[in-house]
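**Student:** The listed protein sequences correspond, in order, to chains A, B, C and D. Per the working numbering, residue 1065 is the first one in the first sequence, and the count goes up by one each step. Per the working numbering, residue 1065 is the first one in the second sequence, and the count goes up by one each step. Per the working numbering, residue 1065 is the first one in the third sequence, and the count goes up by one each step. Per the working numbering, residue 1065 is the first one in the fourth sequence, and the count goes up by one each step. Just so you know, even glycine gets a beta-carbon here, dropped at the ideal spot from N, CA and C. If you're wondering where the values come from, they're calculated on a predicted model, not measured in any experiment. Okay, here's the structure, questions in a sec.
Number of protein chains: 4
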Amino acid sequence: MTTHRFEPTVWYNTLGTHPAALTVQSGDIVVTETIDANGWDKSDVKRMQGPNPMNGPIAIVDAMPGDTLKVEILAMTPIRATGWTRAALAENVVDPTFVMELPPRDRSTWRIDRNALTVTLENAPASIANLSFPLAPMIGCFGVAPALGQAISTATSAEHGGNMDYRRFGPGSVAYFPVATPGALFFLGDCHAIQGDGEIVGTGVETCFEVTVRLTVEKRGIVWPRGETERDIFTIGNARPLDQALQHATTEMVRWLAEFGLDTLAASHLLGQAVRYDIGNVYDPAYTVACRLNKQWLPKL
Amino acid sequence: MTTHRFEPTVWYNTLGTHPAALTVQSGDIVVTETIDANGWDKSDVKRMQGPNPMNGPIAIVDAMPGDTLKVEILAMTPIRATGWTRAALAENVVDPTFVMELPPRDRSTWRIDRNALTVTLENAPASIANLSFPLAPMIGCFGVAPALGQAISTATSAEHGGNMDYRRFGPGSVAYFPVATPGALFFLGDCHAIQGDGEIVGTGVETCFEVTVRLTVEKRGIVWPRGETERDIFTIGNARPLDQALQHATTEMVRWLAEFGLDTLAASHLLGQAVRYDIGNVYDPAYTVACRLNKQWLPKL
Amino acid sequence: MTTHRFEPTVWYNTLGTHPAALTVQSGDIVVTETIDANGWDKSDVKRMQGPNPMNGPIAIVDAMPGDTLKVEILAMTPIRATGWTRAALAENVVDPTFVMELPPRDRSTWRIDRNALTVTLENAPASIANLSFPLAPMIGCFGVAPALGQAISTATSAEHGGNMDYRRFGPGSVAYFPVATPGALFFLGDCHAIQGDGEIVGTGVETCFEVTVRLTVEKRGIVWPRGETERDIFTIGNARPLDQALQHATTEMVRWLAEFGLDTLAASHLLGQAVRYDIGNVYDPAYTVACRLNKQWLPKL
Amino acid sequence: MTTHRFEPTVWYNTLGTHPAALTVQSGDIVVTETIDANGWDKSDVKRMQGPNPMNGPIAIVDAMPGDTLKVEILAMTPIRATGWTRAALAENVVDPTFVMELPPRDRSTWRIDRNALTVTLENAPASIANLSFPLAPMIGCFGVAPALGQAISTATSAEHGGNMDYRRFGPGSVAYFPVATPGALFFLGDCHAIQGDGEIVGTGVETCFEVTVRLTVEKRGIVWPRGETERDIFTIGNARPLDQALQHATTEMVRWLAEFGLDTLAASHLLGQAVRYDIGNVYDPAYTVACRLNKQWLPKL
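In structure tokens:
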């Protein structure tokens, strides 16, 4: 097992079959610094246009279509003292008749305290003076090259992952992606210091991180991205409306439970009373819903 | 403050301007036993046809259109040793191409242990043998008479509340409903021993409870139902698709935050990084989404 | 067969099990004058509050739950010289980011020429000076009392009909409604001098008509409203989003084709290449989609 | 003006920035033979895998991002004696509870009579024996390379066009696409001998055509595809659910009407009473809605 330090010189606005910038063995660790959603790096230098420039792709030797790429998010360290957000709810998350009431979508700055591990709004309105949250790092956009030779914009997401903006994809969690092309071609970027459910202002606190991931090829197939935290397993659906994203995620969870020996009857009983749904984002072209289950309910394999 | 024991003799399949079965003062407590979603009582006697027969209506003196009815759920005690569920995921929560894979929608029985406070599936498939959950009571359907003289089926929900099937409406929580008719006319029923997010088998564990609520009229107006737990405040949107339910809930939360002195700019900043969304149900004719916020982020009033 | 002239003295904002204002035999003809969507009559007198006050209910002797009520729209004659519309596209029919660009939702007046049979915008902007359409009468809201003792707002629609705002429900067409209560209890009102697809300004040209209908009970069951013009048959789905309205309408058409001897295979072949969809309204709480088929493709029975 | 006969040797499953197979001047005519949605050519030889292999790309000299590519469909001549369809309604166009009733999605063959100009189902069920439609050719999938270097699957559609499956894109009509890359890079394929609204069996009658188009660069910008028939102008929205596709199409029509001097007020008045909506497809990953207006209502420019 090798640890690679990956310093990209080009970035991509699509997840596609671009030339590998780094090739690793299954099980290797990669450490890399990301730039923000608009392409500004840790020194406030613009390195690439948005949306969501990606580090990558990283090819994993022996990954083949039909396999699964396991991505362990081992660490995320903020490397810039500021992040930014949009200052208004997105038009599509309020009643259409309420859109006229929204403030301008200005850009706001947040101070990231890397000792206190806090994220604090600068120039906050008096009613929320000193608004400060605990740092809660997450990867907004990551995944693999999609099938058919597609190159899919980092503004959106699909079976290959992409811009899911799901807050549980943080340090300590694991993501799984369906490999669609030889080498898998893994990309990552668009990290957030914190983000609420749904990414309803259209951003988290957008900033730069040093991210450490372990990339492992698994010889089994999945259809939609999956994930794991210490407590839960979850599946991801990316689509509009939320209803369809939820259908994809639920169906993928039923397929996962089958690997634990549960047929659709048993899965129905278990999920019916124990399932949790999270809304990853309700802003991007494809919305993201996670279907989540506490591991305590899983049969011991 | 008086405590009333309310024993209904008729039940309703709609929330509407039916004759008051009980009239109470604002602040009074009502204790009542509910029958299950199909109208079976605690002694397994069929008392009324489904869907979701309601106890009520209870008129609250002085409640007027434009007011808000505060409903504190003080206690919920299970009064039957069994509950039932449907044994299959609903067709609309999986991919349309996966519907063919679903098991029959048979009725299954769960044993409710009123000492151990557990809910256990009888005749469980081997893969989930001994599946048992902690009791987690909730009210599936409650609310007030809607505006315009409407009588709305207890299968669905709208601004007046109704069949929201949201698992956080349990003991210790508070619900708020917009009063649309003199006396408010409060209804409740359809209690569950436990239910997952989304009510994705079309039921929770359907059974009978003794429910204790305090009913208080507040002289302020709301548009959609609101609620409160010890930790959180939340707002409810009822509509299809989930996207629209989420828009209603988010807009109502922005209105609520205005009562705390937050304009739309401040509300955007706060919700953008701190909001949580729950899916109450994704099964009934109207779906239910809750927009939820930890009280720690609220300005101290 | 009798012709009844029905002059209502009360109007309703819901379709529900209200006391019959008139009782007729199956096959009878009823002539009645409607008031407009806001309750103004042909003499510009406000007779009732909105939304969409209904004439009715008319009970039809022998109509029983499970039957179908056939409503032939024999004639519609405008009885007021003016109609009105909203002057802005509804917020929900444009991109959420475009809502800010919409004009105010003022009320505009149209002149109805009952000799020339035209509808002409008064005070039209210069770019559309003299905008004038041929008169194209239609009934916006009609139907029967719904099941379960529900009383459903005339702002919306469901299986019982209601506010479908579908422009093909005009003179010469036939509507069919599923009877859910003894006597069927037929209501009508909210007539338009013309309306585009989708009712995207939230109104047609709202005015008053003398409407002549023949009401006939048929001893067969339907689930959703159906209709017929000289050329086409069609089925109606009322729901949100449009996707679900379309599912209801298509499913009902498959059921109708079964009455012509087509199984789901034959219906698939026929509809796949010959179906037409219309959007009745995309404004009301429930949207309306019609699934339409030219009668030339039907087997001769 | 030159006429090019274009015989592709490679085909693409994405619309992307692939190497130009042919370069033409603005105003030139191209004649090309398409293969069917599964890649079978006019001689029943499999030339390429599905979905919807594209002829192209054709670069148009001087086309630059921000321009519009005008595509006149001058002629479509069927070049194979058979076409095929799926024999079952798609699962997503009927009620989820009705999916179990659908027949298998077998492939069916249709006979194309190139003299009589008819399309006739072979081995039709008795109830629709001799089912035969007039030939109604259309292009299912065409458009230009999308922005950002994306390569978008021919299974779906977006601003760049793609798999819209809209039956009015037939001979005599004009399509307009927003140019996003130098040369525009035009693709076409997936032609149908006939198709109903919505492509609700997931196919039209899939076959091969000789297609003649004239390609002209216009120095004006559009956001979504537009089109024109002799009688109508129309705009296209591609998204899910249908509601969002309709929002895109309506917004684009408002932008188009602005080019005719109509502000949003005038556009609201006109569209409110005169608009027509068509459902192109309700099957592909992105649905297609057309917003259509009879040219008689346009100001004379």
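Could you pull the start and end residues of the beta strand (DSSP E) that residue 1148 of chain C belongs to?
**Tutor:** Per DSSP, the unbroken beta strand (DSSP E) holding residue 1148 of chain C starts and ends at 1146–1150.
**Student:** With C-beta atoms as the reference, is residue 1238 of chain C less than 8 Å away from residue 1262 of chain D?
**Tutor:** Not in contact: residue 1238 of chain C and residue 1262 of chain D (Cβ atoms no closer than 8 Å).
**Student:** Taking Cβ positions only, does residue 1384 of chain A come closer than 8 Å to chain C?
**Tutor:** The question about residue 1384 of chain A has no answer here: the residues shown for chain A are numbered 1065 through 1365.
**Student:** So if DSSP puts residue 1128 of chain B in a beta bridge, which residue, or which two residues, is it bridged to?
**Tutor:** For residue 1128 of chain B, which the question treats as bridged, DSSP gives no partner whatsoever.
**Student:** Counting only runs of 4+ residues fully inside the segment 1323–1353 of chain A, write out the alpha helix (DSSP H) ranges in chain order.
**Tutor:** Runs of the alpha helix (DSSP H) inside the segment 1323–1353 of chain A: 1328–1338.
**Student:** Taking only runs of the beta strand (DSSP E) that begin and end inside the segment 1242–1280 of chain A, which ones reach a length of at least 3 residues, in chain order?
**Tutor:** 1250–1256
**Student:** Residues of chain B with CB under 7 Å from residue 1261 of chain A, in chain order?
**Tutor:** 1339, 1340, 1341
**Student:** Can you tell me whether residue 1298 of chain D is helix, strand or coil according to DSSP?
**Tutor:** Three-state result, residue 1298 of chain D: strand.
**Student:** If I'm right that residue 1281 of chain A touches residue 1127 of chain A with Cβ under 8 Å, what's the distance once you round it to whole angstroms?
**Tutor:** Between residue 1127 of chain A and residue 1281 of chain A the Cβ distance is about 5 Å, and since that is below 8 Å, they are a contact.
**Student:** Let me see if you follow: with CB-CB separation under 8 Å, is residue 1093 of chain A close to chain B or not?
**Tutor:** No, residue 1093 of chain A does not count as interfacial toward chain B.
**Student:** So, under 8 Å CB-CB, residue 1152 of chain B and residue 1169 of chain B are touching, yes? Tell me the CB distance rounded to an integer number of Å.
**Tutor:** Rounded, the Cβ-Cβ distance is 5 Å, consistent with contact.
**Student:** Tell me whether the beta-carbon of residue 1195 of chain A lies closer than 8 Å to the beta-carbon of residue 1185 of chain A.
**Tutor:** yes
**Student:** Quick one, are the C-beta atoms of residue 1099 of chain A and residue 1250 of chain A less than 8 Å apart?
**Tutor:** no
**Student:** Please list, in chain order, the residues of the segment 1197–1215 of chain A that have any C-beta partner in chain D closer than 9 Å.
**Tutor:** 1210, 1211, 1212, 1213, 1214, 1215
**Student:** Return the first residue and the last residue of the beta strand (DSSP E) that residue 1206 of chain A is part of.
**Tutor:** 1202–1208
**Student:** Three-state secondary structure (DSSP) at residue 1199 of chain C?
**Tutor:** coil
**Student:** Anyone know if the C-beta pair for residue 1279 of chain C and residue 1137 of chain C falls short of 8 Å?
**Tutor:** no
**Student:** Where does residue 1186 of chain B sit, in a helix, a strand or coil, going by DSSP?
**Tutor:** Coil.
**Student:** Rounded to whole angstroms, how far is the Cβ of residue 1346 of chain B from the Cβ of residue 1157 of chain B, which I believe are closer than 8 Å?
**Tutor:** Here residue 1346 of chain B really is in contact with residue 1157 of chain B; their C-beta atoms are around 6 Å apart, less than 8 Å.
**Student:** Of the choices B/1333, B/1309, B/1277, B/1357, whose alpha-carbon is the least far from that of residue 1135 of chain B?
**Tutor:** Here the closest residue by C-alpha is B/1277.
**Student:** To the nearest angstrom, report how far apart residue 1071 of chain C and residue 1305 of chain A are at their CA atoms.
**Tutor:** 46 Å
**Student:** Along chain D, which residues have their Cβ under 7 Å away from the Cβ of residue 1156 of chain B?
**Tutor:** 1160
**Student:** For the beta strand (DSSP E) that contains residue 1095 of chain D, what are its first and last residues?
**Tutor:** 1092–1097
**Student:** Return the CA-CA distance between residue 1089 of chain B and residue 1289 of chain B, expressed in angstroms with no decimal places.
**Tutor:** 21 Å
**Student:** Between the segment 1109–1123 of chain C and chain A, which residues of the former have a C-beta closer than 7 Å to a C-beta of the latter?
**Tutor:** none
**Student:** Using a 10 Å radius around the Cβ and a threshold of 16 neighbouring Cβ atoms, would you call residue 1107 of chain A buried or exposed?
**Tutor:** exposed
**Student:** Kindly indicate which residue of D/1341, D/1352, D/1349 has the alpha-carbon position closest to the one of residue 1358 of chain D.
**Tutor:** D/1341
**Student:** Taking 8 Å as the CB-CB cut-off, is residue 1333 of chain A touching chain B?
**Tutor:** yes
**Student:** Which of helix, strand or coil does DSSP assign to residue 1068 of chain D?
**Tutor:** strand
**Student:** If you drop the 5 nearest sequence neighbours on each side, which residues of the same chain put their C-beta closer than 8 Å to that of residue 1179 of chain C?
**Tutor:** none
**Student:** If the cut is a Cβ gap below 8 Å, which residues of chain A does residue 1305 of chain C touch?
**Tutor:** 1305
**Student:** So residue 1082 of chain D contacts chain C; which residues on that side make the cut at Cβ distance below 8 Å?
**Tutor:** Taking a Cβ-Cβ cut-off of 8 Å, residue 1082 of chain D has no neighbours in chain C, whose nearest Cβ is about 30 Å from it.
**Student:** For residue 1244 of chain D, I'd like the list of residues in its chain whose CB is within less than 7 Å of its CB, leaving aside the five on either flank, ordered along the chain.
**Tutor:** 1129, 1208, 1209, 1210, 1211, 1224
**Student:** Would you mind reading off the limits of the beta strand (DSSP E) that contains residue 1176 of chain D?
**Tutor:** 1171–1177
**Student:** Under 9 Å between beta-carbons, which chain A residues line up against residue 1077 of chain D? List them in chain order, please.
**Tutor:** 1212, 1213, 1214
**Student:** How many Å lie between residue 1155 of chain C and residue 1307 of chain A at the Cα?
**Tutor:** Using only the alpha carbons, I get a separation of about 22 Å.
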